[in-house]
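Okay, so the sequence shown: first residue is 62 according to this note's numbering, each after it adds one.
Every residue, glycine too, gets a C-beta built ideally from N, C-alpha and C.
To start, the structure under review is shown below, and the notes come after it.
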Amino acid sequence: MDTKILYYKKFEGSVKSIDYVNWAIHMLEKDFSTQSLNILSSFSEPLNIFEVEDYFSRIIRELSLQEPLHEECAKYYLYELLGKIINGEEDVLEIAYEINNVIREHFTNEELSVWYDISEKIDDYRYGDNITKITMGDLITAIVSEAKKQLNSNLNLN
Numbered sequence: 062m063d064t065k066i067l068y069y070k071k072f073e074g075s076v077k078s079i080d081y082v083n084w085a086i087h088m089l090e091k092d093f094s095t096q097s098l099n100i101l102s103s104f105s106e107p108l109n110i111f112e113v114e115d116y117f118s119r120i121i122r123e124l125s126l127q128e129p130l131h132e133e134c135a136k137y138y139l140y141e142l143l144g145k146i147i148n149g150e151e152d153v154l155e156i157a158y159e160i161n162n163v164i165r166e167h168f169t170n171e172e173l174s175v176w177y178d179i180s181e182k183i184d185d186y187r188y189g190d191n192i193t194k195i196t197m198g199d200l201i202t203a204i205v206s207e208a209k210k211q212l213n214s215n216l217n218l219n
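Structural data, given as structure tokens:
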């Protein structure tokens, strides 16, 4: 797990103890090293959130890392989600919902409002009348197409 994604989860109040451990493993894979990082990466379930956060704080100090801005983390997370759609890593419909949530909470760019429309189409498909007879394939095609378009346009998020 990347540092900005971990901080995004912290800012949003959705971080879990295992996220810190996964972050520590990721940092070791990127050739960072401290004694505290080695210790945190070796933790296993069940985890004590206070102990895990204490080691995380130590690592941040030891590596002289600066806490990124919430907005910066949200933008990074949005790009990660768009990349997951293109790579087909997870449930595309759930990622589209998550993108809509992130945009709704953090961005005002009109170009991104398409994700609200996509979210509404998903709801119509799953729970509504589906008057337009949209199919799962249509949804996935639209979602992947929009993700590619937005990644290729290097979104100017505000």
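DSSP-derived helix/strand/coil call for residue i
{"i": "N219", "result": "Caution is warranted here: a pLDDT of 46 is assigned to N219, below 50, making its placement in the model unreliable, and the coordinate value is therefore given only provisionally. N219 falls in the coil class under three-state DSSP."}
{"i": "G189", "result": "coil"}
{"i": "T95", "result": "coil"}
{"i": "G74", "result": "coil"}
{"i": "M88", "result": "helix"}
{"i": "G144", "result": "helix"}
{"i": "D80", "result": "helix"}
{"i": "S214", "result": "coil"}
{"i": "E114", "result": "helix"}
{"i": "E150", "result": "coil"}
{"i": "N109", "result": "coil"}
{"i": "L124", "result": "coil"}
{"i": "S206", "result": "helix"}
{"i": "S103", "result": "coil"}
{"i": "L130", "result": "coil"}
{"i": "L67", "result": "helix"}
{"i": "N170", "result": "coil"}
Proximity below 7 Å, CB of residue i to CB of residue j
{"i": "Y116", "j": "S97", "result": "yes"}
{"i": "V26", "j": "E151", "result": "There is no way to answer for residue 26, as the model of the chain reaches only from 62 to 219."}
{"i": "E159", "j": "L142", "result": "yes"}
{"i": "I195", "j": "Y186", "result": "yes"}
{"i": "Y137", "j": "K65", "result": "yes"}
{"i": "I204", "j": "A135", "result": "no"}
{"i": "L89", "j": "S102", "result": "yes"}
{"i": "Y177", "j": "N161", "result": "yes"}
{"i": "I183", "j": "L173", "result": "no"}
{"i": "I147", "j": "K209", "result": "yes"}
Bounding residues of the alpha helix (DSSP H) (the contiguous stretch that carries residue i)
{"i": "I32", "result": "Nothing about residue 32 can be read from this structure; the chain reaches only from 62 to 219."}
Chain D contact for residue i (CB, 7 Å cutoff)
{"i": "I160", "result": "In summary, chain D is missing from the structure at hand, where a single protein chain is found."}
Q.
With three or more beta-carbon pairs closer than 8 Å as the criterion, would you say the segment 70 to 81 touches the segment 100 to 117?
A. Yes, the segment 70 to 81 is in contact with the segment 100 to 117.
Q: Indicate whether the contact test is met: 3 or more Cβ pairs, each with one atom in the segment 142 to 157 and one in the segment 115 to 132, closer than 8 Å.
A: They do not touch, by the three-pair rule.
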